[in-house]
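Residue numbers (this note's numbering): 110 to 253. From the three backbone atoms N, C-alpha and C, an ideal C-beta is built for every residue, glycine too. Keep in mind the model is a prediction, meaning the values are calculated, not measured.
(1) Decide if residue 211 is buried, meaning its Cβ has at least 16 other Cβ atoms within 10 Å, or exposed.
(2) Less than 8 Å between the CB atoms is what I'm expecting for residue 203 and residue 231, so what's the real figure, rounded?
(3) If you pair each beta-carbon of the stretch 220-227 with each one of the stretch 182-193, do three or more pairs fall below 8 Å?
(4) Go ahead and label residue 245 buried or exposed: buried means 16 or more other beta carbons lie within 10 angstroms of its beta carbon, across all protein chains shown.
(5) Using a Cβ-Cβ cutoff of less than 7 Å, which residues in the same chain neighbour residue 214 once the five nearest sequence positions on both sides are dropped?
(6) Where does residue 254 sit, in a helix, a strand or coil, going by DSSP?
(7) Measure the alpha-carbon distance for residue 159 versus residue 253 and round it to whole angstroms.
(8) Restricting to runs no shorter than 3 residues, where is the beta strand (DSSP E) found entirely within the stretch 201-225?
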């Protein structure tokens, strides 16, 4: 199964995306008057990507990470150059199967934590093969 998924998540390069950005933060509470100036386009690649050659987009599937703000169909920016740390959300390959979970390194071993109480955590068995494919750095959450 992993072989079939890898071509979908590996891209040869990230194309810079230039978008206009509001010149000031926009209040989520009581509205404030907008400023009347423009700062120019914003390059999302420069803003969100540390290592372009090692960064890929992965589409999340399922509901096991909803409490972390990751919903079914969201895209994650995943950086393969970052060293995974306990607490990171990672794309892991466990016994040949890809999964997105929160990595927890405990004295008793490694646990891949679900962020939804209806989904079980995965305690990585001693004889299992676990590879952290990359560390998720951003989630592009769909609002519509």
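In this structure, then:
(1) Residue 211 is buried by the Cβ-count criterion.
(2) With a Cβ gap of about 7 Å, residue 203 and residue 231 count as contacting.
(3) Of all C-beta pairs linking the stretch 220-227 to the stretch 182-193, fewer than three are shorter than 8 Å, placing the two stretches out of contact.
(4) buried
(5) If we look at residue 214 and ignore the five residues flanking it on each side, its Cβ neighbours are 195.
(6) Since the first and last residues shown for the chain are 110 and 253, residue 254 lies out of range.
(7) Going from the Cα of residue 159 to the Cα of residue 253 covers about 28 Å.
(8) Here the runs fully enclosed are 206-215 and 218-222.
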